[in-house]
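Numbering (the numbering used here), first residue to last: 85 to 294.
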């Protein structure tokens, strides 16, 4: 294996951890990043304590290795069946993501329902990319209608158009996950790996004398 191949090979973090969240070092657009995959199918992606710990470990590794952090998220929040332990895991994840602010770039790709705590997490990262099928809110339409008497759909409350045009949470909206990843790679092309690094140099035909 060449040095280039070795640097682009995926490396799992917390490979033996329980839960569905996975963290790894991978290549994105020719750059090494820490990717945290928090897209779950069982129980709508409800996060148990170990999942929160895996998110925290990924965020911490990004900060320690001075690499950009990419989070893929589709989750209904902390697993109610786990009780306080799930909340503790999520609190640790939020703390580590917050600690990355101003140190390494952080990008979240929202590809499905992102509710409760994970929705709040979107305010902790630098850039959010939502797919057309995604939505994000802390409290859902039923609770909103119960308290305000105003009925609305999930899309009206937290769909990509709302977060793109109104709330400002979403930096970009993509048609699907493949397009979202391409946007993340394009965005990284303008950003340094960390705060002490220089941003990439991009050749331009624009004359400096103008």
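Note that the Cβ used here is the ideal one computed from N, Cα and C, for glycine as well. Note that the structure is predicted; figures quoted are calculated from it, not measured.
Can you find the residues in the same chain that come closer than 7 Å, C-beta to C-beta, to residue i, ignoring five residues on each side of it along the sequence?
i	result
residue 278	150, 187 and 188
residue 169	133
residue 234	228
residue 283	274, 275 and 276
Beta-carbon separation of residue i and residue j under 8 Å?
i	j	result
residue 173	residue 120	no
residue 198	residue 157	yes
residue 113	residue 272	yes
residue 206	residue 221	no
residue 236	residue 228	yes
residue 153	residue 184	yes
residue 164	residue 139	no
residue 141	residue 178	no
residue 193	residue 289	no
Nearest by alpha-carbon distance to residue i: which of the options is it?
i	options	result
residue 111	95, 122, 280 and 141	95
residue 238	223, 170, 282 and 285	223
residue 203	170, 283, 160 and 168	160
residue 265	191, 248 and 234	191
residue 287	274, 294 and 280	274
residue 144	225, 289 and 109	109
residue 167	290, 181 and 130	130
residue 215	291, 233 and 244	244
residue 248	218, 180 and 126	218
Can you give the beta carbon distance from residue i to residue j, rounded, assuming they're within the 8 Å contact cut?
i	j	result
residue 195	residue 261	5 Å
residue 201	residue 137	Wrong, their Cβ atoms sit about 14 Å apart, outside the cutoff.
residue 146	residue 118	4 Å
Below 6 Å CB to CB, which residues in the same chain sit around residue i once its five sequence neighbours on both sides are set aside?
i	result
residue 85	Model confidence at residue 85 stands at a pLDDT of 38, short of 50, so the residue's coordinates are unreliable and nothing is read from them.
residue 135	103 and 105
residue 115	272
residue 182	208
contact_flag[the segment 246–262, the segment 203–221] where n(CB pairs < 8 Å) is 3 or more: In short, these stretches touch, since the Cβ pair count reaches three.
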